[in-house]
Each structure stands twice: as structure tokens, then as C-alpha cells.
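Here my numbering is used: position 99 in the sequence shown is 82, and no number is missing along the way. Every residue, glycine too, gets a C-beta built ideally from N, C-alpha and C. Okay, structure first, notes after.
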Amino acid sequence: MIGLILAGGIGSRFWPLSRRRRPKQLLDLLGGGSLVAATARRVEPLCGAERTWVCTTEDLAVAVAAELPGLDSSRILGEPSGRNTAPAIGWAVRTMPEAARREVIAVMPSDHWVADEDAFREALRRGAMAVERGDHDVVTVGIAPAWPETGYGYLELEAPAEPLSVQPVLRFTEKPDAETAVRFKASGRHFWNAGIFLFRGTVLLDLYREHLPELAAGIERLAADDLDAARRREIYADLESVSIDYGLMERLDSIGCVVADCGWNDIGSWGLLAEALPADGDGNRTVGDTLAVDARDNLLFADEGAVAVIGVEGLAIVRTGDSVLVVPRERAQDVREIVEWLVARGRLDLL
């Protein structure tokens, strides 16, 4: 199996800690090193360092390489510009040697958290076996909903599924409203879409040619040996910016889901980070120098200095060297709106 770790993006929901020069995937949020390093360690028993690739941006390639000293720098690919996951995955797969493209490739984000890594790896093995048998062109990883989350996409299967089973995916549903999320959780047939995919590289590129022909043609142009850096950037910037879920996966007839019971969390917001941290007797989750008096169900994160609270409930409070964020935990997904506000007003000093 080949591992492909996606390590681009700026982690805007993790402002003010996540910044352009050191985004979420390079941060140590849970102890034990950066999220991208933890992801590489998680898949190493399956792939080995010599069969692991990373796709990031040119601006982050050096920083990512520093987090992964056991990985040859030739397998750390830097996109000229961010164009979403379909271009990134297609370009990375096309860049691999032909022998690697013929194998099963497991693509995963760099910034997720997994409590039971053995169970996670076994799910990938089962998914890879289904691809090798030809049961499905693509297998994705599904997680049984632990709560009715509105910030995740969902996979609908034909029937309730046990862990490690593989079933056909009937449909994808992007982030549902609260009522629909409650119904999905109760159904037993709906699973969180973890954004992890398994496929043969050669098959994936064929699927691009069928469903995303313009993107496939652009990726082929990037494979030319005589491209200089300027032309490469120009071609890449013209690639269609589309997610692999919307651009490809939702269009496929032959896509399966392997169910993983592994304590997965995409750490997609400060609120979801809180779910991965231990709680004290009052439900507070804390990192760094913090103090909570008569306070319940808060996330207190002190990267620098201290955070102290009295009489508050259900907040996420984050302190860095130059900024403080205070947000209700149920609105933690909205933190990216602050980043958009800062961009619109040219506050690059805070980005």
C-alpha cells in the first residue's frame, strides 16, 4: 500500500493559533508532536517511510519536511498554489512512478486524530483488500456518528454496518442541518465521511479522464518533462478548484465504505479539539497555564501566558502571543469568518 498524506491548507478554523506560516497540521495540539508527524507515524506500519508521500504547498514544503525527517524530500510534493483536493490528489498520483500508481493508494488528511491506531490500520487493510478484489473502484472510510454533528459530511449505506465491513455507498450528503443530523445518527446507515480514500492510482486517473476531463488534461500537461517553474505555476493555477468529494466521489457508481471504529476526530475546530481532550470534573478541557473557577464545559487553551475564567460555561478561549479568541463552543465552526474578516481588511499581521 502507498500512503498519500494531504498537508496543505491553512486551518482557518484554528485561528489564532493556526497561521499561514505554521498552520494546523504543523501544530502540536494534543501532545506527541505535530499532527502531520502523527499521521505519518500512524500509517508507517502499513506503508513504511519509503512508500509514503506528502502533498503540501510550495510555501510549506520545508516546514513539513522538518516534521518528517525520516521521509525522503523527493516524496514531499509542493503544489504551486492551493486548488482544493481533486487537483492535489490527481497531480500527486500522476507524479508518482508508474509502479506506485498501479498499487492501492490510501489518501488521508494530515490533521486528524485517531485514538485506536490498530483499528484504523485494520480498516485501511480491509478497504485495500476490497479495492484489490475489484469490489469497488474506490473505498472510503466511514465513522459511526458519536453525536449528531452538523460540521461533517455523511455517507449513506444500503444497510446498518458493523466495524470493518465494506458496503456500497448509496449517496453522499454534505453538512446537514441539526434535525437531519439527529435522524442520520439514529438510522444506523449513515456514517461520517472521514475524507480518507483508497484506490489504485491508475484507476483514479482513468476516473478523472471520465468525470473531470479538463482537470485530467491539465494534470497531464504538468507531467511534461520540459516545463519551467513559471509555466508549471501557470498551468496549475488554471486547474479547476474542486474537492474530490464533489468533483468525483459523488459521481461514481462503484464506491464502497469501510466502517472504522477507531476513535476518529478530524480536529476540525476548537469545539472538536475539546472532544479529543480529557475533561475535569466540571467538564472543562484545558491546555497550558489555565485556571477555571465556578466554570463548566469550557475549552481553555493557553499557548502563551495564562487564561483564567470565572462563572462562564460552554466557551472556547484561546490565547496566543498576539491574539485572544473567545467563542461559544457550538459556534467554533464559525471562526473562519474572523479569518475572512482579517483578509478583507488587510490584517496580514494576524494571519
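Taking C-beta atoms as the reference points, Leu138 and Thr156 count as a pair closer than 9 Å. In terms of CA proximity to Val276, Gly264 leads the group Gly264, Arg116, Asp228 and Glu197. As computed with DSSP, Val241 is found in a beta bridge with Val124 and Val149. Taking a 10 Å sphere around the C-beta of Leu187, we find 16 or more other C-beta atoms and assign the residue as buried.
In this structure, the straight-line span from the alpha carbon of Met79 to that of Ile126 is close to 29 Å. Between the stretch 216 to 224 and the stretch 99 to 112, the count of C-beta pairs closer than 8 Å stays below three; the two stretches do not touch. Under the Cβ criterion (8 Å, minimum of three pairs), the stretch 41 to 56 does not count as touching the stretch 134 to 149. Under the three-state reduction of DSSP output, Asp286 falls in the strand class. Boundaries of the beta strand (DSSP E) harbouring Trp36: Thr35 to Thr40, taken from the DSSP string. If the five residues before and after Gly136 are omitted, its C-beta is found closer than 7 Å to the C-beta atoms of Phe155, Thr156, Glu157, Lys158, Asn176 and Asp228, all from its own chain and listed in chain order. Among the bridge pairs identified by DSSP, Gly61 is matched with Thr39. For Ala177, the enclosing beta strand (DSSP E) covers residues His173 to Arg183.
In the pairwise beta carbon analysis, the stretch 230 to 245 is classified as not touching the stretch 296 to 310: fewer than three pairs are separated by under 8 Å. Between Ala82 and Cys38, the gap from beta carbon to beta carbon reaches 9 Å or more.
In this structure, Arg268 keeps its C-beta atom at 9 Å or more from the C-beta atom of Trp(-2). Distances from the alpha-carbon of Ile(-15) to those of Val295, Ser64, Arg108 and Leu210 put Arg108 closest. For Ala291, the beta-bridge partners assigned by DSSP are Leu274.
The C-alpha of Met232 lies about 20 Å from the C-alpha of Ser93. Secondary structure note for Leu107: its alpha helix (DSSP H) is the uninterrupted segment Glu100 to Arg116.
Only residues of its own chain outside the window of five on either side were considered, and among them Thr133 have a CB closer than 6 Å to the CB of Ala161, listed in chain order. Proximity to Glu287 across Arg279, Asn281, Leu308 and Ala278 peaks at Leu308, based on C-alpha coordinates.
The residues Gly53 and Leu54, in chain order, have a CB closer than 6 Å to that of Ala32 in the same chain once the five nearest residues on each side in sequence are set aside. Comparing alpha carbon positions, the residue from Ile(-7), Leu12, Gly(-6) and Gln8 closest to Phe284 is Leu12. Non-local C-beta neighbours of Ser17 in its own chain, meaning closer than 8 Å and more than five positions away in sequence, comprise Gln8, Leu9, Leu10, Asp11 and Glu50, ordered along the chain. Shown here, Trp247 sits in a strand according to DSSP, grouped into three states.
In this structure, the beta-carbon distance from Ala291 to Gly271 does not fall below 9 Å.
Sixteen is the threshold: since fewer than 16 other Cβ atoms of the shown chains lie within 10 Å of the Cβ of Pro196, the residue is exposed. By the criterion of a C-beta distance shorter than 7 Å, Val295 is surrounded in its chain by Ala278 and Asn281, once the five residues flanking it on both sides are discounted.
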